[in-house]
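Chains as they are written, first to last, in my numbering: chain G, 1 to 194; chain H, 195 to 388.
Built from N, CA and C at the ideal position, the CB exists for glycine as well.
Note sheet for the following structure.
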DNA sequence: TTGTTAAGCGGAGAGGTTCTCCATATCCTA
DNA sequence: TAGGATATGGAGAACCTCTCCGCTTAACAA
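Shown next as structure tokens:
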């Protein structure tokens with residue numbers, strides 16, 4: 001909750017803090033049901049607050065998302081640290097990439113919204129912190145695989161993560177092909193062992 | 195223009211045909227400027243017709259897109275046929291995949307809209323024909339690479355194309371990194387030679 | 001306890017979108 | 001040229017996002 005998560009501002013009035021929590025809960029519920037295309041209006045309504053309140057707490061969709069996925073991101077980084085002691089560096093990397101992809105598909109539309117948000121000057125900050133945390137974890141695993149002799153030297157972790165996210169996005173578009181994500185990741189990791 | 199393109203219906207009244215052409219031209223212009231998030235209202239306005247007319251000719255965004263990209267798809271298939279005589283099967287496949295990706299990024303948002311449309315029962319038909327045509331061209335090239343001994347046997351062309359489209363989508367999200375697409379495709383094709 | 005005040009609230013409203021409906025206008029054929 | 005089939009357009013319904021600002025209320029000092 002502390003490394004990458006969207007921290008609430010310095011000090012919040014008690015009622016404001018309650019509303020913020022209500023909003024996060026409502027958003028999580030609504031996103032789970034509708035994907036990130038859920039209406040922000042409806043989230044405010046579900047939380048029992050006015051639209052203005054939502055927009056004051058979370059000026060953009062990305063800010064809301066960042067607050068929501070912060071914990072997941074921290075968990076992902078912890079998993080990465082654990083995997084550093086895994087006996088097989090190749091498998092460690094593969095397992096972690098899979099975890100990244102699964103996280104990305106936690107809510108329908110998450111990947112796309114994140115990618116879009118990273119491009120948007122207004123909102124890049126909130127999500128960029130999450131991204132950086134993940135990249136840092138990934139670079140360690142990739143380095144280890146490289147020194148182990150299996151991964152090629154010229155692979156950029158940012159590119160690799162981008163491709164993994166893209167695969168997650170694609171698998172999200174085909175919800176009735178549950179095995180697609182695994183097949184796409186296999187295609188990708190095959191390249192790493194080349 | 196004949197294989198996969200969105201053919202106009204059987205017989206069209208002369209004025210209707212004119213309007214249809216106006217709409218396609220306006221859509222192409224608007225999509226080029228704004229990406230596929232362009233407002234359909236504005237397209238109708240630009241074409242000088244009412245919104246109702248647009249929706250009668252193209253009930254959905256996907257139908258409009260299918261009519262627009264039909265020619266591109268045919269060109270892609272022709273390129274595929276040409277590449278069948280290329281001396282190096284590996285390179286032929288790589289070149290063709292690159293062409294597929296470039297086609298997919300011709301208009302911002304094209305890939306995402308297509309992918310989404312393929313999932314939508316109302317609109318799957320129009321674009322599925324395009325997809326099938328491309329897949330047919332790809333399977334020939336992949337087969338050839340496989341018999342040449344380079345591509346692994348278990349690769350599904352549909353998965354490969356999905357991954358290539360996903361890469362195209364990702365590179366579209368990062369418009370200021372012009373080389374990203376090439377790097378992602380390199381990552382993918384490295385896996386094919388594994 | 002009570003008064004002051006800044007923080008926070010909510011919802012109407014501006015301006016955008018998609019998509020439908022059907023009275024009207026236009027083409028085409030006999 | 002007349003009449004029926006076909007196509008039109010734009011107002012309107014129902015959504016969306018995001019802003020503004022008068023009102024409410026928590027928090028703190030006296």
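{"query": "Considering only C-alpha positions, which residue in the set G:173, G:182 and G:161 is nearest to residue 381 of chain H?", "result": "G:161"}
{"query": "Checking 8 Å against the spacing of the C-beta atoms, do residue 286 of chain H and residue 277 of chain H come in under that value?", "result": "yes"}
{"query": "Checking contacts by CB at 8 Å: is residue 209 of chain H closer than that to chain G?", "result": "no"}
{"query": "Are there 16 or more other CB atoms within 10 angstroms of the CB of residue 156 of chain G, so buried, or fewer, so exposed?", "result": "exposed"}
{"query": "Does any CB atom of chain H fall closer than 8 Å to the CB of residue 97 of chain G?", "result": "no"}
{"query": "What distance in whole Å lies between the Cβ atoms of residue 375 of chain H and residue 295 of chain H, which are believed to be in contact at a cut-off of 8 Å?", "result": "6 Å"}
{"query": "Does the beta-carbon of residue 365 of chain H have 16 or more other beta-carbons within 10 angstroms, so that it is buried, or is it exposed?", "result": "buried"}
{"query": "Helix, strand or coil for residue 309 of chain H? Go by DSSP, reduced to three states.", "result": "helix"}
{"query": "Apart from the five residues just before and just after residue 236 of chain H, which ones in its own chain have a Cβ nearer than 7 Å to its Cβ?", "result": "224"}
{"query": "For residue 164 of chain G, which residues of its own chain have a beta-carbon under 6 Å away from its beta-carbon, when the five flanking residues on both sides are left out?", "result": "97, 100 and 101"}
{"query": "So residue 264 of chain H is in the alpha helix (DSSP H); what residue range does that whole segment cover?", "result": "255-277"}
{"query": "Which one of G:166, G:174 and G:32 has the shortest CA to CA distance from residue 185 of chain G?", "result": "G:166"}
{"query": "Answer yes or no: do residue 36 of chain G and residue 110 of chain G have a C-beta to C-beta separation smaller than 8 Å?", "result": "yes"}
{"query": "Which class does residue 389 of chain H belong to by DSSP, given the choice of helix, strand or coil?", "result": "Because chain H in this structure spans residues 195 to 388, residue 389 of chain H falls outside the shown range and cannot be described."}
{"query": "Let's see if you can read the secondary structure: which residues bound the alpha helix (DSSP H) around residue 171 of chain G?", "result": "157-173"}
{"query": "Using a Cβ-Cβ distance cut-off of 8 Å, determine whether residue 65 of chain G contacts chain H.", "result": "no"}
{"query": "What first and last residue would you give for the alpha helix (DSSP H) that runs through residue 205 of chain H?", "result": "Segment: none, residue 205 of chain H is in no alpha helix (DSSP H) and carries neither H nor E."}
{"query": "List the residues of chain H that residue 173 of chain G touches, going by C-beta distances under 7 Å, in chain order.", "result": "309, 310 and 313"}
{"query": "For the candidate residues H:232, H:310 and H:339, whose alpha-carbon lies nearest to that of residue 281 of chain H?", "result": "H:339"}
{"query": "With 8 Å set as the bound, which would you pick, yes or no: does the beta-carbon of residue 385 of chain H sit closer than that to a beta-carbon of chain G?", "result": "yes"}
{"query": "Could you tell me whether any Cβ in chain G is nearer than 8 Å to the Cβ of residue 169 of chain H?", "result": "Lying outside 195 to 388, the shown extent of chain H, residue 169 of chain H is not represented and no answer is given."}
{"query": "Do the CB positions of residue 377 of chain H and residue 159 of chain G come within less than 8 Å of each other?", "result": "yes"}
{"query": "Where does residue 49 of chain G sit, in a helix, a strand or coil, going by DSSP?", "result": "coil"}
{"query": "Can you list, in chain order, the residues of its chain whose CB lies under 6 Å from that of residue 137 of chain G, leaving out five sequence neighbours each side?", "result": "77 and 80"}
{"query": "Are any of the Cβ atoms in chain H nearer than 8 Å to that of residue 101 of chain G?", "result": "no"}
{"query": "What residue range is occupied by the uninterrupted alpha helix (DSSP H) comprising residue 302 of chain H?", "result": "Per DSSP, residue 302 of chain H belongs to no alpha helix (DSSP H) and is neither H nor E."}
{"query": "According to DSSP, is residue 383 of chain H part of a helix, a strand, or is it coil?", "result": "helix"}
{"query": "Return helix, strand or coil for residue 35 of chain G, following the three-state DSSP convention.", "result": "coil"}
{"query": "Which of the three DSSP states, helix, strand or coil, is assigned to residue 280 of chain H?", "result": "coil"}
{"query": "Counting contacts by CB-CB distance shorter than 8 Å, is residue 360 of chain H in contact with chain G?", "result": "yes"}
{"query": "Should the stretch 317-331 of chain H be called in touch with the stretch 124-136 of chain G, which here means at least 3 C-beta pairs below 8 Å?", "result": "no"}
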